[in-house]
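**Student:** Just so we're aligned: 337 in this note's numbering is position 118 of the sequence shown, and the numbers increase by one with no gaps anywhere.
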Amino acid sequence: MAVHSLKTDILIVGAGPAGLTAGLYVARAGKKALILEGRGPSRLAIPYTIENYPGFPSISSQELLGIFKRQAVSFGAEVVAGDAVAFMLDGSPKYVTTKEAVIEAGAVILATGKPVPKERMIPGEDRLVGQGVSYCATCDGPLFRGATVAAVGHAEEAVEDVQALLAMGCKILWVPGKSGGAADGPEALALEGKGVVVRREAKVKEIRGDERVEGIVVEAPSGTEVIPVSAVFIFREIPAGPLFVRAGLALDHKQCVAVDRFQRTNIPGVFAAGDITCGGLQVVAAAGEGCVAAMQALVHLRK
Ligand SMILES: Cc1cc2nc3c(=O)[nH]c(=O)nc-3n(C[C@H](O)[C@H](O)[C@H](O)COP(=O)(O)OP(=O)(O)OC[C@H]3O[C@@H](n4cnc5c(N)ncnc54)[C@H](O)[C@@H]3O)c2cc1C
């Protein structure tokens, strides 16, 4: 997959109420707003009836999300699909990488929603992000040419990622984590024919390594094994928390991105809004923080 370059005035990472509100304000102010929409859905995409968003006595969450998106786009904001997998936020301009693109921006607004709880991560995952734990085959696969790597996850895109790792010359142990779905389709069977080992009955319980990934602990009906691998590629929703820490962002005691009352993070030109800050954990709060973050990001651009 070719990686291309994009450039924008303000990059907004996340397309929930916070990110879409920020995009609306940036675009309406005449600046280029690029909104990155990740694979994990907005919480507002989960169907529920919302009765406490002012102006709408009762509306379905998905309908409200659709309205937010159409309004942002109507002012010229561009919504692009892609998970942010790496951040270079120090200095100016700033760079955010997805599997498909490297995006350059004058300012960045982070609006990726509620952090993935640590309990849903594999033990060792957040500690070893960037040290062999990766969420992007295209970005990091070439570093492990000829080495044995584990692929974890059963999302539809996992097949594409395993194919990419194979094309880069990695030896692959694929632990989908559940049977059915992508790992049982004809493409997965074809991958097995090309030497990919698929362990459908197993689950990865731990990622081991001191400074770098050294192996995985796998639990299967036949027992628990420790398997040496040089890297672990995880294909599911991306827990931005560890990526943010690597990028130098300060988190608070709840592992949420720390902001001041102007939605400024500890890095100049980087703002955060919505559930990512654990502020109100409500749609109206997310939209309000998105608005403040956008206005402050516009101020930053003028400096
Ligand atoms: C069942 C349920 C009921 C609720 N009821 C109410 C209610 O009645 N009233 C109310 O006000 N609120 C309610 N909420 C809460 C509300 O939905 C959230 O507070 C709100 O959606 C938060 O908005 P957000 O923009 O911060 O994050 P989200 O809406 O979660 O959006 C996050 C966005 O970030 C993107 N993303 C994540 N990671 C990445 C990445 N690495 N790269 C790129 N993009 C990424 C996602 O794809 C998504 O687009 C409810 C939530 C749930 C789950």
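In this text, a Cβ means the ideal position worked out from N, Cα and C, and glycines have one as well.
Predicted model only: the values in this text are computed from it and were never measured.
May I ask you to check if the CB of residue 236 is nearer than 7 Å to at least one heavy atom of ligand 1?
**Tutor:** It does: the Cβ of residue 236 is within 7 Å (strictly closer) of some heavy atom of ligand 1.
**Student:** Of the choices 454, 237, 327 and 385, whose alpha-carbon is the least far from that of residue 318?
**Tutor:** Nearest of 454, 237, 327 and 385 to residue 318, Cα basis: 454.
**Student:** On the criterion of 16 or more Cβ atoms from any shown chain inside 10 Å, does residue 408 qualify as buried, or is it exposed?
**Tutor:** Burial call: exposed.
**Student:** What is the DSSP secondary structure of residue 419, reduced to helix, strand or coil?
**Tutor:** Correct three-state label for residue 419: coil.
**Student:** Would you kindly report the start and end of the unbroken beta strand (DSSP E) that includes residue 325?
**Tutor:** It spans 320 to 329 - the beta strand (DSSP E) in which residue 325 sits, taken as one unbroken run.
**Student:** Using only alpha-carbon positions, find the residue among 495, 369 and 467 that is nearest to residue 485.
**Tutor:** Residue 467 is the option with its Cα nearest to residue 485.
**Student:** Grouping DSSP H, G and I as helix and E and B as strand, with all else coil, what is residue 228?
**Tutor:** Three-state DSSP puts residue 228 in a strand.
**Student:** Excluding the five sequence neighbours on either side, which residues of its own chain have a C-beta within less than 6 Å of the C-beta of residue 487, listed in chain order?
**Tutor:** Taken in chain order, the list of residues that qualify is empty.
**Student:** Which complete beta strand (DSSP E) runs does the segment 255 to 326 hold, if anything under 3 residues is left out?
**Tutor:** Qualifying beta strand (DSSP E) stretches, in chain order: 297 to 300, 305 to 307 and 313 to 316.
**Student:** Just how far apart, CA to CA, sit residue 406 and residue 378?
**Tutor:** About 7 Å.
**Student:** Out of 358, 436 and 268, which has the shortest C-alpha to C-alpha gap to residue 392?
**Tutor:** The residue with the shortest Cα to Cα distance from residue 392 is 436.
**Student:** At a threshold of 7 Å, does residue 494 count as lining ligand 1 (C-beta to nearest heavy atom)?
**Tutor:** Yes, ligand 1 has a heavy atom inside 7 Å of this Cβ.
**Student:** From the DSSP secondary-structure annotation, give me the bridge partner or partners of residue 427.
**Tutor:** DSSP lists 434 as partners of residue 427.
**Student:** Can you grab the Cα-Cα spacing for the pair residue 277 / residue 336, in whole Å?
**Tutor:** Computed Cα separation, rounded: 30 Å.
**Student:** Can you say whether residue 256 is buried or exposed, counting buried as having 16 or more other CB atoms within 10 angstroms of its CB?
**Tutor:** Result: buried.
**Student:** Mind checking whether the beta-carbon of residue 256 lies closer than 7 Å to any heavy atom of ligand 1?
**Tutor:** Answer for residue 256: yes, Cβ within range of ligand 1.
**Student:** Going by the beta-carbon positions, is the gap between residue 229 and residue 330 smaller than 8 Å?
**Tutor:** For residue 229 and residue 330, no; Cβs fall outside 8 Å.
**Student:** State the DSSP-derived secondary structure class of residue 452, mapped to helix, strand or coil.
**Tutor:** Strand, per DSSP.
**Student:** Can you check which of these residues, 403, 381 and 426, is closest to residue 415 by C-alpha distance?
**Tutor:** If we check each option's Cα against that of residue 415, 381 comes out closest.
**Student:** Pick from 227, 301 and 346: whose alpha carbon is nearest that of residue 233?
**Tutor:** Per the Cα distances, 301.
**Student:** Report yes if the C-beta distance between residue 448 and residue 347 is below 8 Å; otherwise report no.
**Tutor:** No, Cβ-Cβ distance for residue 448 and residue 347 is not below 8 Å.
**Student:** Compute the minimum distance between the beta carbon of residue 259 and the heavy atoms of ligand 2, and state whether it is under 7 Å.
**Tutor:** Ligand 2 is not part of the structure shown, which contains ligand 1 as its ligands.
**Student:** In terms of DSSP beta bridges, what is residue 391 paired with?
**Tutor:** DSSP lists 368 as partners of residue 391.
**Student:** Go ahead and pull the three-state DSSP assignment for residue 442.
**Tutor:** DSSP places residue 442 in strand when its eight states are reduced to three.
**Student:** Are the Cβ atoms of residue 332 and residue 280 separated by less than 8 Å?
**Tutor:** No.
**Student:** As a quick exercise: from 342, 359, 341 and 324, pick the residue whose alpha carbon is nearest that of residue 389.
**Tutor:** Among 342, 359, 341 and 324, the Cα nearest to that of residue 389 is on 359.
**Student:** Select from 240, 352 and 513 the residue whose C-alpha is nearest the C-alpha of residue 288.
**Tutor:** Minimum Cα distance to residue 288 is reached at 240.
**Student:** Please name the residue, chosen from 231, 429 and 402, that lies closest to residue 418 on a Cα-to-Cα basis.
**Tutor:** Measuring from the Cα of residue 418, the nearest candidate turns out to be 402.
**Student:** Below 7 Å CB to CB, which residues in the same chain sit around residue 373 once its five sequence neighbours on both sides are set aside?
**Tutor:** Cβ neighbours of residue 373 beyond the five flanking positions: 395, 396, 397, 400, 401 and 402.
**Student:** Using alpha carbons as the reference points, say which of 387, 371, 456 and 404 lies closest to residue 421.
**Tutor:** Of the listed residues, the one whose Cα sits closest to residue 421 is 371.
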